[in-house]
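Below is one structure, written out as structure tokens; the observations come after it.
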Amino acid sequence: MKNTSITKILFILFFIFLFPVIKAQTNKNKETSKHFFEKFTTKTNDSIPSIGSFIVSKDGKIIYEHYFNGADKETIFNVKSVTKSITSILAGIAKDKGLLTDIDTKVLKILPEYDNSRTFFKNISNLEGKVAHDSIKKTVTLRHLMTMQGGFDYAENSQISHAMGFSSDPVKFMLDLPFEEYPGDKFNYSTGETLVFGAALSRLVNSSLKEFADINLFKPLSLNIKNWDTDVLNRNLAGSELFMKPSDMLKFGTLILNKGKFGNEQIVSEKWIVESTAEQVKLDSWDVLPNANGYGYYWWRRKTNEHQAFVAVGYGGQIICVVPDLKMIIVTTCFLGEKNRGRIELKKLHGIIDEITKKEESTDNSVLQ
């Protein structure tokens, strides 16, 4: 009994003396954060002329939110290739529902109308090469497309990608391309492959991607997303052209951080989130992704100050960056137009994200010391 009383007294004394120190340190950290973000706002505005928004959330609370160049909370941005990562979530939901049973399924089994063998021709030019092409095409799987390993002779932002976009059927255009590599052998970033995947996923869920997303993803997140562009055959572009507000993007980041859960609802399985953000492809360098360390299912991986991050990236500075170690989500958007310098914006933004994670890391440590 005596020992218990002494323990209680020591605990009370410890709390009395330590609490003011913790409180003072906390207040000091708040002032440091305020000063940091004041300078940060000026620096971001000066270095990235196209910046539209920047949001930082930590431990479920927004610690920084700023809009630039006339943007506000209601401004809608074209998030470009961030769309790919949203498509990945839709694929996970389809798998959870048993609609996508196996990601190693051959694409042409889902889209048989593109399986046009040329073996019955007798006199066409380079018949042997075309038959070989048809044989390789039959081996392309959903996994190959989701990990950018389809093997097609395709280059992003090139004449071939522009031709695909203007074609009468972008999916057919992609599947008719020659192969540069065997499927599964090499990573090659390709929006064209994502379009093929999107067409296959749409077939599996028996609806447009937008309709499937409205019911199974957007509505559970309380989102009202109106615009998602389509190709000439009215298929939503799985790789780009989804439009949303920065706060919408933050919700998707929250979904990843919480391993598929939003509020009390498990929207997509934890297993899928873990699998889709894992290193499915080795990737230790990428020109606009410093400290890259792999690619998942339409999710990039990189290290920021030695913390593992999962990143959705869109052309010109559209980013959702999730850093589980720090319980942090960072969202950025940029206006597309004359002020936007494309890849330069992305490089600068990743550098700024590194400044934030370093600052937050040191703030956490100082509270604990």
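Numbering (our numbering), first residue to last: 1004 to 1372.
Heads up, the beta-carbon is just placed ideally off N, CA and C, and yes, glycines get one too.
Shown here for residue 1254: same chain residues with a beta carbon closer than 6 Å to its own, the five before and five after excluded, namely 1224 in chain order.
Proximity to residue 1228 across 1307, 1064, 1078, 1272 peaks at 1078, based on C-alpha coordinates. Three or more Cβ pairs closer than 8 Å define a contact, and the segment 1233-1252 meets that threshold against the segment 1170-1185. In this structure, residue 1054 keeps its C-beta atom at 8 Å or more from the C-beta atom of residue 1068.
Contact check for residue 1051 against residue 1320 passes: the beta carbons are separated by less than 8 Å. In its chain, beyond the 5 residues on either side, 1197, 1242, 1301 have a beta carbon closer than 6 Å to the beta carbon of residue 1087.
Residue environment: residue 1309 is assigned as exposed (fewer than 16 neighbouring CB atoms within 10 Å of its CB, all protein chains considered).
Within the DSSP secondary-structure output, residue 1300 pairs in no beta bridge. In this structure, the beta-carbon distance from residue 1289 to residue 1281 does not fall below 8 Å. Rounded to the nearest angstrom, the gap between the Cα atoms of residue 1207 and residue 1038 is 51 Å. In this structure, the alpha-carbon of residue 1149 lies about 8 Å from that of residue 1299. Spatial neighbours of residue 1330 in its own chain (CB-CB distance under 8 Å, excluding positions within 5 residues in sequence) are listed in chain order as 1061, 1062, 1063, 1260. Around the beta carbon of residue 1115, fewer than 16 other beta carbons sit within 10 angstroms, so the residue counts as exposed. In the structure shown, residue 1336 falls within a strand segment according to DSSP collapsed to helix, strand and coil.
Nearest in C-alpha terms to residue 1360, of all of 1284, 1332, 1336, is 1332. In the same chain as residue 1340, and ignoring 5 residues on each side of it, the C-beta atoms closer than 8 Å to its own belong to 1053, in chain order.
Following the DSSP letters along the chain, one finds residue 1278 inside the alpha helix (DSSP H) bounded by residues 1273-1280. Residue state for residue 1197 is assigned as helix, using DSSP reduced to three classes. Comparing C-alpha distances from residue 1136 to each of 1182, 1244, 1085, 1313 shows the shortest one belongs to 1182. When the Cα atoms are used, residue 1293 and residue 1046 turn out to be separated by approximately 20 Å. Between residue 1176 and residue 1117, the alpha-carbon positions lie close to 10 Å from each other.
For the options 1286, 1221, 1210, the alpha carbon positioned closest to that of residue 1250 is the one of 1221. Inclusion of residue 1347 and residue 1334 in the CB contact set at 8 Å is not warranted, their separation being larger than that value. Beta-bridge partners assigned by DSSP to residue 1068: 1058. The beta-carbon distance between residue 1174 and residue 1145, rounded to whole angstroms, is 14 Å. This is too long to meet the 8 Å contact definition.
With fewer than 16 other Cβ atoms inside 10 Å of its own Cβ, residue 1273 counts as exposed.
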